[in-house]
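Quick note, the sequence shown lines up with residues 134 to 960 if you use my numbering. Don't be surprised by glycine CBs; every beta carbon is placed ideally from N, CA and C. Some notes on the structure that comes next.
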Amino acid sequence: MSDRHENTADGLAWPKDYKELRALIHEQWGVGEIYLTRQLSGGKSGALVYLADVTSSDFTGLAILKFDKHGDPAQQERTEAERHLNAYESSPVFAKGHLPRVLNKVHNDTSIAILSTVAGRGLEYARPWEQCNHVEQVNVAKRLSCSLLEDWNSNVKMARGLTSPQSVLRSWLGHKLDAADQRLHTTVAQVCGIPPEEPSFVFDGQWYPNPLAFALWKPEDFEQFKLRAIEGHIHGDLNGLNIVVNQVGEERSQYYLIDLAYYQDRQFLFFDHAYLALSHLLYRRGHVTVSHWTSIVTQLCPFDHLRQSARFDGDDLGLINLLKDIRTEVFDWVDRHQAHRLSYMESQFQLAQVAAGLNFASKRISPELRRFGFMYAAIILKDYLRLHDIKWTKHGPPLSTDDTARIAGSRQPPNLTESHVGRSDVESPPLPENPAIAVLPFDDLSRDGQQEFFTDGVTDELITELSRVDWLMVISRGSTFEYKGRTANPKQIGRELGVHFVVEGSVLRAGPRMRINAKLVDAQDGSQVWADRFERQTDDLFELQREIATAIAGQIDSHVRSTEQKQAKLKSGNITLWESFQRAMWHFHKFTEEDSEMALEQLAKLANKEATISGIPAALALLQMRRLMMGDVDDVDAVLKDALNHAIRAVELDARSSFARTALSRVYSMQGKYDQALEEAELSLEFNPSFALGYLNLASALMWGGHAEDAVPALEKSIRLSPRGPMLRVKMIANASIYYFLNDYGQAERLFARVQSNRNLAPFAQLMLAATHVRQDRIEEARSAFAATIEARPNFSLSTFSRSWRTLASNYRSKLFEDLTQAGLPP
Numbered sequence: 134m135s136d137r138h139e140n141t142a143d144g145l146a147w148p149k150d151y152k153e154l155r156a157l158i159h160e161q162w163g164v165g166e167i168y169l170t171r172q173l174s175g176g177k178s179g180a181l182v183y184l185a186d187v188t189s190s191d192f193t194g195l196a197i198l199k200f201d202k203h204g205d206p207a208q209q210e211r212t213e214a215e216r217h218l219n220a221y222e223s224s225p226v227f228a229k230g231h232l233p234r235v236l237n238k239v240h241n242d243t244s245i246a247i248l249s250t251v252a253g254r255g256l257e258y259a260r261p262w263e264q265c266n267h268v269e270q271v272n273v274a275k276r277l278s279c280s281l282l283e284d285w286n287s288n289v290k291m292a293r294g295l296t297s298p299q300s301v302l303r304s305w306l307g308h309k310l311d312a313a314d315q316r317l318h319t320t321v322a323q324v325c326g327i328p329p330e331e332p333s334f335v336f337d338g339q340w341y342p343n344p345l346a347f348a349l350w351k352p353e354d355f356e357q358f359k360l361r362a363i364e365g366h367i368h369g370d371l372n373g374l375n376i377v378v379n380q381v382g383e384e385r386s387q388y389y390l391i392d393l394a395y396y397q398d399r400q401f402l403f404f405d406h407a408y409l410a411l412s413h414l415l416y417r418r419g420h421v422t423v424s425h426w427t428s429i430v431t432q433l434c435p436f437d438h439l440r441q442s443a444r445f446d447g448d449d450l451g452l453i454n455l456l457k458d459i460r461t462e463v464f465d466w467v468d469r470h471q472a473h474r475l476s477y478m479e480s481q482f483q484l485a486q487v488a489a490g491l492n493f494a495s496k497r498i499s500p501e502l503r504r505f506g507f508m509y510a511a512i513i514l515k516d517y518l519r520l521h522d523i524k525w526t527k528h529g530p531p532l533s534t535d536d537t538a539r540i541a542g543s544r545q546p547p548n549l550t551e552s553h554v555g556r557s558d559v560e561s562p563p564l565p566e567n568p569a570i571a572v573l574p575f576d577d578l579s580r581d582g583q584q585e586f587f588t589d590g591v592t593d594e595l596i597t598e599l600s601r602v603d604w605l606m607v608i609s610r611g612s613t614f615e616y617k618g619r620t621a622n623p624k625q626i627g628r629e630l631g632v633h634f635v636v637e638g639s640v641l642r643a644g645p646r647m648r649i650n651a652k653l654v655d656a657q658d659g660s661q662v663w664a665d666r667f668e669r670q671t672d673d674l675f676e677l678q679r680e681i682a683t684a685i686a687g688q689i690d691s692h693v694r695s696t697e698q699k700q701a702k703l704k705s706g707n708i709t710l711w712e713s714f715q716r717a718m719w720h721f722h723k724f725t726e727e728d729s730e731m732a733l734e735q736l737a738k739l740a741n742k743e744a745t746i747s748g749i750p751a752a753l754a755l756l757q758m759r760r761l762m763m764g765d766v767d768d769v770d771a772v773l774k775d776a777l778n779h780a781i782r783a784v785e786l787d788a789r790s791s792f793a794r795t796a797l798s799r800v801y802s803m804q805g806k807y808d809q810a811l812e813e814a815e816l817s818l819e820f821n822p823s824f825a826l827g828y829l830n831l832a833s834a835l836m837w838g839g840h841a842e843d844a845v846p847a848l849e850k851s852i853r854l855s856p857r858g859p860m861l862r863v864k865m866i867a868n869a870s871i872y873y874f875l876n877d878y879g880q881a882e883r884l885f886a887r888v889q890s891n892r893n894l895a896p897f898a899q900l901m902l903a904a905t906h907v908r909q910d911r912i913e914e915a916r917s918a919f920a921a922t923i924e925a926r927p928n929f930s931l932s933t934f935s936r937s938w939r940t941l942a943s944n945y946r947s948k949l950f951e952d953l954t955q956a957g958l959p960p
């Protein structure tokens, strides 16, 4: 707890800013006991919201206790109570299930306290929506999006007459559009560097309309673009902090709204949906550059068919899909109820998004987040203008921004609520479900200042390369470069940035050579996970940056995967979907028959239940291909069909997943579709150039298609990117097999011999070693090696391999089967 709270025996510490209300609460509410059991959110305008266990003359049970400061607390108390009451009267059925009901209220000269209840079961187990995992958030967001229209607004009405887009925007934004209010005008003029009346501006080579100028335009100038709007109830400030989620005793997640301070009736719809989507987007991705931000927002424009595909960091795709789900529920509702006014409804929803962006641009939050809100509004408005073919000037001043700018504070998550005098700093961001990593600026050990540009370049390249690892969340350069030149503990950095791992490193130039040291630290306990040294010539500094970054990223990729799997295997109690997946992958990499069966069983359960992670069906496909390679399959066609379905499903879940593309490539290889296999293998490496497994798969695809000579550099790259770990011996077998097919039997023998110490993979290595000995005219040694194989895997036979390896390039297959027959392979 921060120093804003004073110690008390009543549950959590009582907030110091509201200690004078405590006596009034006990006196006026007739409270015998009141325990603050859990803080639900920081609320808005400095408000604090708690779950409280109350015993009083009027109410006994769990309730929501909200503290807030206000210039006129008596008026605010009356206003908020009236809004709660109006919401209940407007939609009693929805209110009973989802809305707070005011029980008591009290105020002094500066502060108010409001006690409200939520009609729900097991509220003490509920948690804020922002703290739920991705799957829960998607489910709740879709239900909320739908029920806000179907239930809360079941009696919507059409607004009288046609309405200009400016009138719609002004209804949501109100005084924020007044120049006298200054906040929004100040954002546009000072934070964005654009005169408020300027029609357009330019950023990153693209023009964008100024949404403030559009909102201030004379309504009569848009007579031909008026719309027939629809009205109902809106929350007005619907964000993740105002939603709690409860699954106890419910078949599916139930949500409750815990604050109605901005409730409005007879207001244009869709603002709630737009506000929730943007607030969540800012909360999750408010630490990126403006260029990154625009690429994400552009993907949320449903009508812009001209946009270019973009590369995304970390959890971008999942976040985009969640926000699209919110929008989809809106359009589905429109299709059911207002299909005859589809264009009007689409326009109203886009205008709601523009209003939400301008709303955040006017808040007392960091300049960077206000700029993000403004850009969001501009991008959506540009799509709106295109949809309606509204001619707009495409010239204007550049957006004033610095792509290395940081969000509010130095290392805090975005504070999406209004600031207030006396408010404490925002808590550190919660750890995301997927691994999050921060790359700190590498130290320049040369100390002469001449190599600093190269050192920073190595850091930048490494951030870029890690950002292409689809399952990692990577903190932006702007956030991590705040630590440049500072001494900070990795555990402290982990807390401040909300990451699981921290990368540190140094660069030293000695004549024509560069030495780069890098290490990966577990930010939870400060332990070192991995460290390595890289030495290179400085002939081409830019190529050297890229080469080193790719090498480091590949090693970090494999080590973080391994660490995640080990931690998930050891964890007890409730585990998330991601942790369940990692447990299965721990077995996946053991290569024993028992572990493979365990992985197959666990992954199949996850796939049947909630396969929202593309790696789940991808791993299932790869396990099926492993069984096929080992000759453990009777019905080859059925297994190939099943594996193909899994691989296609993986790509459908995440088209940019390197792991999913690798799985699809592997299935195509085993089907004999060599061109498609190579295409998918190359695509996986385009998405993630440091993906060691991707290079292993590329080598296998090349060898399987009859091009063993081309497979050598791909296999070497895979080993270089990840020279340790559970896949190393698999790579040795693949490498040895390549040399066998290239007639380099001495090298093949040396590599096969190194794998025989591993009991899990030894049978397969001995099988290939037997074929190698035949080519060396060492028949007795070949038969001895094969006898050891048969002892471990008595099911091996020529017919087994004929079925499983039937798509291997015909010249390689003939050679291998001939040699294995001489070594003693039974028919």
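Assuming residue i contacts residue j under a Cβ cut-off of 8 Å, what Cβ separation, rounded to an integer in Å, is found between them?
i: T613; j: L573; result: 6 Å
In whole angstroms, what separates the C-alpha of residue i from that of residue j?
i: K275; j: D952; result: 60 Å
i: L502; j: V662; result: 34 Å
i: S287; j: R216; result: 19 Å
i: K415; j: V766; result: For clarity, residue 415 is Leu in the given sequence; the question names Lys instead. Using only the alpha carbons, I get a separation of about 49 Å.
i: H159; j: H368; result: 31 Å
i: S178; j: H779; result: Note that S178 scores a pLDDT of 48, beneath 50, so its modelled location is shaky; the value from the coordinates is reported in the next line. Spanning the two alpha carbons is a distance of roughly 48 Å.
i: D242; j: F200; result: 13 Å
i: P225; j: R399; result: 16 Å
i: N548; j: S499; result: With a pLDDT of 43 at N548, under the threshold of 50, the predicted position of this residue should be treated as unreliable, though the coordinate-derived value follows. Computed Cα separation, rounded: 8 Å.
i: S729; j: L411; result: 43 Å
i: E364; j: V301; result: 11 Å
i: R544; j: D655; result: Its pLDDT being 29, under 50, R544 is placed unreliably by the model, and nothing is read from it.
i: L958; j: F929; result: 8 Å
i: S244; j: Y183; result: 16 Å
i: R316; j: R519; result: 29 Å
i: W719; j: A732; result: 8 Å
By DSSP, does residue i sit in helix, in strand, or in coil?
i: N741; result: helix
i: S917; result: helix
i: T620; result: coil
i: M647; result: strand
i: E951; result: helix
i: H521; result: coil
i: Q909; result: coil
i: F885; result: helix
i: R260; result: strand
i: L248; result: strand
i: V632; result: coil
i: V421; result: coil
i: M508; result: helix
i: L181; result: strand
i: L390; result: strand
Taking the CB atoms as reference points, tell me whether residue i and residue j lie closer together than 8 Å.
i: A902; j: F885; result: Note that residue 902 corresponds to Leu in the displayed sequence, not to Ala. Yes, the Cβ-Cβ distance between L902 and F885 is below 8 Å.
i: A752; j: L736; result: yes
i: Y396; j: N272; result: no
i: S223; j: L374; result: no
i: F404; j: W466; result: no
i: I391; j: P233; result: yes
i: I608; j: H425; result: no
i: A348; j: L310; result: yes
i: A847; j: A832; result: yes
i: L455; j: R418; result: no
In this structure, what does DSSP give as the bridge partners for residue i?
i: H240; result: I245
i: E222; result: Partner(s): none; E222 has no beta bridge.
i: I363; result: M291
i: T588; result: T588 pairs with nothing; no bridge assigned.
i: M606; result: A569
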